[in-house]
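In our numbering, the protein residues as written are -5 to 155.
Even glycine gets a Cβ: it sits at the ideal position worked out from N, Cα and C.
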Amino acid sequence: MTLDIIRSGIYRLLMSLSKTILALNVLLILYSVFTRYILNSAPIWSDELSRYAIIASVMLIMSCAYVDARHMKVSFLEEMVNDFTRRLIKYYQWFVVLAVALFFTFISTKYSLSMGRFTSMGLGVSKTLPLLSMPIGFAALFLMVLLQGPFPTKKKEDEAC
């Protein structure tokens, strides 16, 4: 029960942060379009900030999409085998996602910290700051998959269909 509360709290936090970043990005793009085509002077930093905001939003929402099973998946093999083999496949998938998320967390942390001596052209800040969204996103994926376990308790239904 406690893991469900923790997982749902992290889920809501990641979802809220991602939605906020995406909404701010839309406002930034509208501002950039207005200044470029109406005022004829676009700020140089707006394109770069928009790119980094999209990356941050996607990296934060990635773990929520995985937990909700809203990712691309070929599951016909799971439906064709017996229960024991299906459980083995689920354990294998869970372990692989954990391992890949942990590996990418390590690699992207190392990469983003190595970019500290470089500054971004438009924003004028260290490239480490915007690139930290990658290890944060992969660490969130690792944590959410770990808390979910190999056998999710419930599936969310798609409201769009």
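Check: Three-state secondary structure assigned by DSSP to Ser120; Outcome: strand
Check: Rounded C-alpha distance that separates Val58 from Gly118; Outcome: In the sequence on display, residue 58 carries Cys and not Val. Near 32 Å, if we compare the C-alpha coordinates of Gly118 and Cys58.
Check: Thr99 burial status per 10 Å Cβ neighbour count (16 or more: buried); Outcome: buried
Check: Inter-stretch contact (C-beta, 8 Å, three-pair minimum) for the segment 130 to 143 and the segment 83 to 102; Outcome: yes
Check: Cβ neighbours of Ala154 in the same chain (closer than 8 Å, five flanking residues each side left out); Outcome: Residue placement at Ala154 is flagged as unreliable, the pLDDT there being 45, under the threshold of 50; the coordinate-derived value follows with that caveat. Excluding residues within five positions, none has a Cβ falling inside 8 Å.
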